[in-house]
Amino acid sequence: MESLQFTQGIVNAILLSGTLALVAIGFSIVWGILNIINLAHGAFLMVGAYITYWLFTLYGIDPFLSLPISMAIMFVVGYLVQRYLINMVIRAPLLVTFLLTFALEIVIINLATFFWKGDLRSVTPDYAGLGFSLGNVQVPYVRLAAFFISLILTGLLHVFMTYTKTGNAIRATGMDIDAARLQGVRIPQTYALTYALGTALAAGAGTLISISFPIDPTMGGAYTLRAFVICVLGGLGSIPGVMMGSVVFAFIEVFSGIWFPSLKDAIALLVLVLVLIVRPSGIAGKAFYH
Amino acid sequence: MEREILLETHEATKHFGGLAAVEKVNMKIYRGEILGLIGPNGAGKTTFVNIITGMLPITSGKVIFKGTDITGWPAYRIGRLGIARTFQIVKPFRGMTVRENVAVGAMFGHKGQTRSPREALEHVDEIIEFVGMSDLRDKHADQLTLPYLKRLELAKALAMDPELLFLDEVMAGLNTKEIEAAMELVRKINARGITILVIEHVMKAIVGVTERVFVLNFGQELAQGKPEEVLNNPAVIKAYLGEKFVQRFFRQQQAA
Amino acid sequence: MSKRVLVLLVVLLVAAMALAACGGSQATPAPSGGEEQSTSGTTEEQASTEEACKVVFGAAVSLTGKYAKEGEYVKNGYELYVEEINKQDGIPVGDKKCMVELKIYDDESNADRSAQLVEKLITEDHVTFLLGPYGSGNTFATTAIAEKYKVPMVEANGAATKIFNRGFKYSFAVLSPAPNYLRGIIDMALDKDPNLKTVAIVIENGAFALEVAQGAKDYAEEKGLEVVYFDKYAKAAKDVSSLITAMKSKNPDIVLGAGHLQDTILVMKQSKDLGLSPKVFGFSVGPTSPEFRKALGKDADYVVGAAQWTPELKYKSDDIFGTPQHFTELYKAKYGEIPPYQAAESAAALIAYQKAIEAAGSLDKDKVRDALAALDYDSFYGKLKFNEQGMNVYKPMAVMQNYTDGGLYTVWPKEAAVKEFLYPFKPWDER
Amino acid sequence: MSDREKKKAPLQYSLFDGLFQGRQGVLLGLFTLFLIFLAIFPFLSFASGFWLNTLTLILLLAAMAIGWNFIGGYTGYAAFGNVAFFGFGAYGTGLSMTKLGLSFFPSLLIGALAAMLFAIVMGLPILRLKGHYFAIATVAIATAMGEIADSWTSFTGGAAGITLPFFDPIEWSGQFFYYMSLLLAVGGLLLTWFILNRKMGYSWIAIREDEDAANMMGINTTWAKVMAFALSALMAGLAGGIYAYWKTFVLAEEVFKIEYTLQMILAAVLGGTGTIFGPFIGAFIYYILITLLVFFLPVGQLHATILGTIIILVMVFTPKGLMDFISGRKKISINSLLENIRTYRV
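Keeping their order, the protein sequence lines are chains A, B, C and D.
The numbering of the first sequence is this note's numbering, which starts it at 9 and goes up by one.
The numbering of the second sequence is this note's numbering, which starts it at 88 and goes up by one.
The numbering of the third sequence is this note's numbering, which starts it at 651 and goes up by one.
The numbering of the fourth sequence is this note's numbering, which starts it at 275 and goes up by one.
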């Protein structure tokens, strides 16, 4: 019996790590390139989830098909937010951008609560909750699909950042803004693009989450915190680091959830603090952009 | 007569990951002298100062100051013991006035233990005048221009009543006239009985104020001696200016 | 400009408070202590006899935040009563009738705000009586304020017994206390299948749910069941799959959940994901509200929930609603859905007030308090009677089940059951 | 500058920015008037229980903001977990009163000391972290502490919390807690002033402006930072203890709410971080704004949106807070509002 707990735990953790990686990757590039802790990340994720919900509820659009739609919408929103708001104060001390993105989160959540009410909602396509069993271990199709889509999106991002001109411009900006400027990179646009990528990925994660978890306007905060922990665990600024951080975090979360359910977050957070103290560059050991 | 050694390093070494920034440097600084520390960019000059002053942990080796082994001491204890420094990239306390900036040195430095903040604030007028900033005394540091910020660095260090002062490129970015003034200032500081280590790229200044020069290259000692000798040392010229320049230099000399 | 701007700033700062404070409180004596307050109560009463008599009930209710949905039911219940009683020209007080008014603020599901608002209701708005907020946490915070000012509060949505363990004199609850919640479900399950052996209990980490769970555990053990799993999840949990997995490995016959609507939905959703199929799924709060079915669709089938009250109960009363069925009709006409029990108990709180006021023949706070303490009345909601501590321990809990036809029916107690208890829970993989 | 003038010129403390800008007389006068107003407030005719309650909350917030200012404003460490100290103070006080059976004042002391001790123990490792990492470590610790308090049923009472006795006599409890909070907030102002006159004040600001330089100049930065952290814990811990007894219960979800951290930061930022009076005034501005939005303006459920918008505007236009304008260091004009954007945009 205990072994079921263990094997199911492993499956849960692996499935969870995919979605978490997607959540964290957007957070990570914004942090790494723009040096902003984007506290509104979870709010964008929530909006992505609601876009999926409404497309499904009102027009019957399959949640997986709504993925590009919610990502595209939030890409535009993110671009505008960065271009015309955050860019204005981006070089200010950290407290300013911290509070700015926090205020953004308050506004988004409050508006969402106002228009959509605070109750839990679920996207319930016919296949929700279906799955197959490996022995006694249950693997829900939706979460499996979400896992693979997350991997694909992460892979696409990696390709984009490595092999396209724009991706290179973004990375160059993150490494040395002045050099990038001299190379002809248009910084405000590049920043906006980076942030837009971050919000689009958040929205994508929101879509995937909405298919397997109930959603509500305050759902995002927990994901912002997790993204942060993952970035620290994995080391900032590297996609493989984030992937690794997600796996480690997912295992911590799932197993502390099995053994000490009410201390789930506390354990993850104390691990974070410990990692920060002992090895401030994360377990992947890559240097941070500072 | 043997001069008194004020500071001495034994095989001081600093590694960043696998990279050796400073490798087994033995340096002696004698009380009362002005020693020049030169070397090409990336030679490890600032790193060397950082490990002596406790800004960076030393990888191996020893630092002895006034006969005390200060290896591994935190920076503030070293500062209180009588070593002060300026920073290549100026580090003013921007939210404070000039006088408060300097007073911080006076209240926490070598003789700081005995001074109250008010005494420190009153004490520093003389130093501010010494560096020629009396008129700017009550200005905020963030309103100063670069030459004054450099002087402020100096004043802050002086206010600590140091016995040994590291000057890290205080003349970089100054024009000829300002350099002259700065050189004069360095001499005046030395005349107050403060031993000085000058890190400088401005060769004119090195030749003009130092008695002795120590050359670092790739973290290791390349040469030391009198400024004129060292600067004519082909190895030093090569390290500084590259092979091609050395050839050209000697060709020119021959032509002359 | 500078100096004037400055002065202006400070003056504004002070004036903003002063003005706002003056709003409706010229009559209040300075210290806000209890004795002065009760005098002011009488002053107001005298004043209101001369004008048209009116009773103002004040409440802080969660209209936004975590308990927004439940808060809406509470507000609906209060408002339905007020609408109905005012059709009859209000509550009889002595030989005249007093129109009823409601003053409701949104406490944002926040206990601190709730307490602050109740203090405002008492000292600024001078309401005659207080009604409760939603949830044990907020109720706990607000009863302390009511007690401080010696204003009665009849609450209908805080079931935790710890609210009433402080010896308060002015707080009354019309609903059955938390430890009783899941007893009906256990009784019913054993009645159906005496061979049931094991129970797993998952608990939302909150005062109410912990009491529910402890009550259920004690009762289950008393009935010879083995409690194989008993653990809590964080209050705002968004993922309980770890607990579900742990429960599943124990293979329990009965899974009981102590919590609220949102986490109950979450537990059900993830039980399906992870294939947890016990013979009975029962929850303290959630399955009886229309939201449950809305969120889960067909997956809500078979799930049972504890209910303080159900529309099918066979109570008869001479209050304005008369029977649960009549209440249901009125509620449906006004809000378009079957009333959840939160609405009924909230309306019942006002019935308790009405009966106490009638008995006291006065709006005096202390007289009404004494009448409440002595109240023994059979309402459409069931018995309204308070023990020493102010809890209504005299009313039984019912059980409702989400039926396969999409309906929600009372299946326990047997006397009131309109449908047979569907047993066992149909495993997910057979659906 | 002649010698005579030099003698005459008073020592200028930038530490007292916002006060010693040539209008200190007016400002101190107004502030004293305001304090007198606060001191007699409970005896004014319109001082209902509700307003007493609201002002008590404001003063507690002010006290916490003043405490936050030590670490966040003067020392420059973006501490986002100060609510942990509030929670420690509340639990320390609550547990001392219920489990040890002590009376309020010794319990309050124990609570505050517990908060300070925790700050020292936590501060030593995490004050080595910089910027975002420090910020998030503090959030993480505060959140974890809250969760532990929430589930450690045998010690803290878990989610059922701790119930404290009522203040006796209950009729005066409003006034008692009001004056306790006023005392704490004003004490916090005096403490700030006292520290700024000591070397500690200079070390804090030096650390904020440049920690390396501060260290190099003989400042024991670790000690100074830990002291700043511990003193801000003292303020929050005392506030937490008063709050616990005032509310007569301690519940993790109430006393470890991350919102409290944000409120103290917002109060400090609105007023002006790194100024003596900024956090105090900011607390009033913040809370009055909230109170107006929640209770008096017809914005209904959108008040959080309006609050968020205000924060965004403040961050974009005057992130240094209003103290600059109040003190006359800056004039209110389009230019001064756009200055921030000009400096920090990309």
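Glycine residues also receive a C-beta, built at the ideal position from the N, C-alpha and C atoms.
The alpha helix (DSSP H) enclosing Y149(A), as first and last residue numbers:
On the first sequence, residue 149(A) is found 141 positions in, with the first residue counted as 1. Y149(A) -> alpha helix (DSSP H) spans 149 to 171.
Quiz item: Should the segment 751 to 766 of chain C be called in touch with the segment 716 to 733 of chain C, which here means at least 3 C-beta pairs below 8 Å?
Solution: yes
Under DSSP, the beta strand (DSSP E) around D881(C) begins and ends at which residues? Start at 1 with the first residue of the third sequence, and residue 881(C) comes out as number 231. It spans 876 to 883 - the beta strand (DSSP E) in which D881(C) sits, taken as one unbroken run.
request  = Report all residues from its chain with a CB closer than 6 Å to the CB of T306(D); omit the five preceding and five following residues, and keep chain order.
outcome  = In the fourth sequence, the residue the question calls residue 306(D) occupies position 32. Correct list: empty, nothing qualifies.
Practice prompt. Return the CA-CA distance between V283(A) and H210(B), expressed in angstroms with no decimal places.
Written response: Residue mapping note: residue 283(A) aligns to position 275 of the first sequence, counting from 1. Residue mapping note: residue 210(B) aligns to position 123 of the second sequence, counting from 1. Using only the alpha carbons, I get a separation of about 46 Å.
Point to revise | the ligand ZN heavy atom lying under 7 Å from the CB of L302(D) | key: The model on display carries no ligand, and the ligand ZN is accordingly not part of it.
F122(A) CB to nearest chain D CB: under 8 Å? As a first step, residue 122(A) must be located in the first sequence, where it is residue number 114. Yes - at least one Cβ of chain D is within 8 Å of the one on F122(A).
Q. If you compare alpha carbons, which of I436(D), L567(D), R482(D) is closest to G375(D)?
A. If you number the fourth sequence from 1, residue 375(D) lands on position 101. That would be I436(D), whose Cα lies nearest to the Cα of G375(D).
- Assign I59(A) to one of two classes, buried (16 or more other C-beta atoms within 10 Å of its C-beta) or exposed (fewer than that). Sequence index remark: in the first sequence, residue 59(A) carries index 51 (1-based). Flag for I59(A) reads buried.
Worksheet item: Going by the CB atoms, is the gap between R167(B) and G368(D) shorter than 8 Å?
Response: By one-based count along the fourth sequence, residue 368(D) stands at place 94. By one-based count along the second sequence, residue 167(B) stands at place 80. No, the pair does not count as a contact, with Cβ atoms beyond the cut-off.
Taking the runs of the alpha helix (DSSP H) that are 4 residues or longer, which of them lie wholly in the segment 236 to 305 of chain B?
263 to 278, 290 to 296
| said: Contact criterion: CB-CB distance below 8 Å. Does R129(A) meet it with respect to chain C? | reply: Position 121 of the first sequence, counting from 1, holds the residue named residue 129(A). Taking Cβ atoms only, chain C reaches closer than 8 Å to R129(A), which makes this a yes.
Quick one, are the C-beta atoms of I415(D) and V500(D) less than 8 Å apart?
Reading the fourth sequence from its first residue, position 141 is the one you call residue 415(D). Reading the fourth sequence from its first residue, position 226 is the one you call residue 500(D). Contact flag unset, no.
Notebook entry, point to check: How would you list, in chain order, the residues of chain D whose beta-carbon sits under 7 Å from the beta-carbon of K178(B)?
Noted result: Reading the second sequence from its first residue, position 91 is the one you call residue 178(B). Ordered by position in chain D, the residues that pass the 7 Å Cβ test against K178(B) are D484, D486, A487.
Just by C-beta distance, which residues in the segment 915 to 941 of chain C are closer than 7 Å to chain A? I915, L916, K919, K922, D923, L924, G925, E941
Where does T27(A) fall in DSSP's three states? For this step, residue 27(A) is matched to residue 19 along the first sequence. Helix.
Open item on the list: For a cutoff of 8 Å on Cβ pairs, would you count A352(D) as touching chain A?
Closed with: Within the fourth sequence, the letter at position 78 stands for residue 352(D). With 8 Å as the cut-off, A352(D) counts as an interface residue toward chain A.
Can you check DSSP and say which residues form a bridge with T155(B)?
-> Numbered from 1 along the second sequence, position 68 holds the residue referred to as residue 155(B). Answer is F152(B).
> Given that a residue counts as buried once 16 or more other Cβ atoms are within 10 Å of its Cβ, and exposed if not, what is T789(C)?
Replying inline: Within the third sequence, residue 789(C) is the residue found at index 139, counting from 1. Flag for T789(C) reads buried.
- Task: Kindly identify the DSSP beta-bridge partner or partners of A1048(C).
- Result: In the third sequence, counting from the first residue as 1, residue 1048(C) sits at position 398. A957(C), per the DSSP bridge assignment.
task = Could you give the DSSP three-state label for C748(C): helix, strand or coil?
result = Counting from one through the third sequence, the residue named residue 748(C) turns up at place 98. If DSSP states are grouped into helix, strand and coil, C748(C) belongs with the strands.
Please report the Cβ distance between A859(C) and G909(C), rounded to the nearest whole angstrom; I am assuming they are in contact, meaning their Cβ atoms lie under 8 Å. One-based indexing of the third sequence puts residue 859(C) at position 209. One-based indexing of the third sequence puts residue 909(C) at position 259. Sure, about 5 Å apart at Cβ, within 8 Å.
**Q.** Nearest to V905(C) (by Cα), restricted to the options D969(C), K929(C), G1040(C)
**A.** Along the third sequence, read from residue 1 onward, the residue named residue 905(C) stands at position 255. Comparing Cα positions, the closest option is K929(C).
Between D224(A) and D127(A), which are expected to be in contact by the criterion C-beta below 8 Å, what is the C-beta distance as a whole number of angstroms? Here residue 224(A) corresponds to residue number 216 of the first sequence, with the count starting at 1. Here residue 127(A) corresponds to residue number 119 of the first sequence, with the count starting at 1. Confirmed, about 7 Å.
Starting from D394(D), find everything on chain A with Cβ-Cβ shorter than 7 Å and list it in chain order. By 1-based counting over the fourth sequence, the position of residue 394(D) is 120. Inspection of the sequence shows that residue 394(D) is occupied by Ile rather than by Asp. Within 7 Å Cβ-Cβ: nothing; I394(D) doesn't reach chain A, min ~15 Å.
Checklist entry - If you run the structure through DSSP and keep just helix, strand and coil, what is G511(D)? => result Sequence index remark: in the fourth sequence, residue 511(D) carries index 237 (1-based). G511(D) falls in the helix class under three-state DSSP.
| message | Is it buried or exposed, S270(A), if we count other Cβ atoms within 10 angstroms and call 16 or more buried? | response | Here residue 270(A) is taken as the residue at index 262 of the first sequence, counted from 1. Burial call: buried.
Length of the line joining the Cα atoms of P990(C) and Y1059(C):
Position 340 of the third sequence, counted from the start, is the residue given in the question as residue 990(C). Position 409 of the third sequence, counted from the start, is the residue given in the question as residue 1059(C). Going by the C-alpha atoms only, they are around 12 Å apart.
ask   = If you run the structure through DSSP and keep just helix, strand and coil, what is R172(B)?
value = To locate residue 172(B), count along the second sequence from 1; it is residue 85. In the structure shown, R172(B) sits in a strand (DSSP, three-state: E or B).
Going by the beta-carbon positions, is the gap between V543(D) and L107(A) smaller than 8 Å? The residue given as residue 543(D) occupies position 269 in the fourth sequence. The residue given as residue 107(A) occupies position 99 in the first sequence. In contact: V543(D) and L107(A) (Cβ atoms closer than 8 Å).
Practice problem: Check the C-beta distance from V705(C) over to L1013(C) and give it rounded, since I have them as a contact under 8 Å. | Solution: As a working mapping, residue 705(C) is identified with position 55 in the third sequence. As a working mapping, residue 1013(C) is identified with position 363 in the third sequence. The pair is a contact, with the Cβ atoms about 6 Å apart (cut-off 8 Å).
* To do: For N327(D), go through chain B and note every residue whose CB falls closer than 9 Å to its CB, in chain order.
  => Position 53 of the fourth sequence, counted from the first residue, corresponds to residue 327(D). The contacting residues do not exist; N327(D) stays about 37 Å from chain B at best.
At a CB-CB cut-off below 7 Å, which residues of chain A make contact with K888(C)? Reading the third sequence from its first residue, position 238 is the one you call residue 888(C). Within 7 Å Cβ-Cβ: F221, M227, A230.
(message) Given a cut-off of 8 Å on the beta-carbon distance, is the pair V115(A) and T105(A) in contact?
(response) Here the question's residue 115(A) lines up with position 107 in the first sequence. Here the question's residue 105(A) lines up with position 97 in the first sequence. No; because the gap between Cβ atoms is not below 8 Å, this pair is not in contact.
In whole angstroms, what is the alpha-carbon distance linking K275(B) and F152(B)? By 1-based counting over the second sequence, the position of residue 275(B) is 188. By 1-based counting over the second sequence, the position of residue 152(B) is 65. Near 23 Å, if we compare the C-alpha coordinates of F152(B) and K275(B).
Ignore the nearest five residues each way along the sequence and tell me which others in K1045(C)'s own chain have a CB closer than 6 Å to its CB.
-> Here residue 1045(C) is taken as the residue at index 395 of the third sequence, counted from 1. Only S826, G1032, K1033 meet the Cβ criterion.
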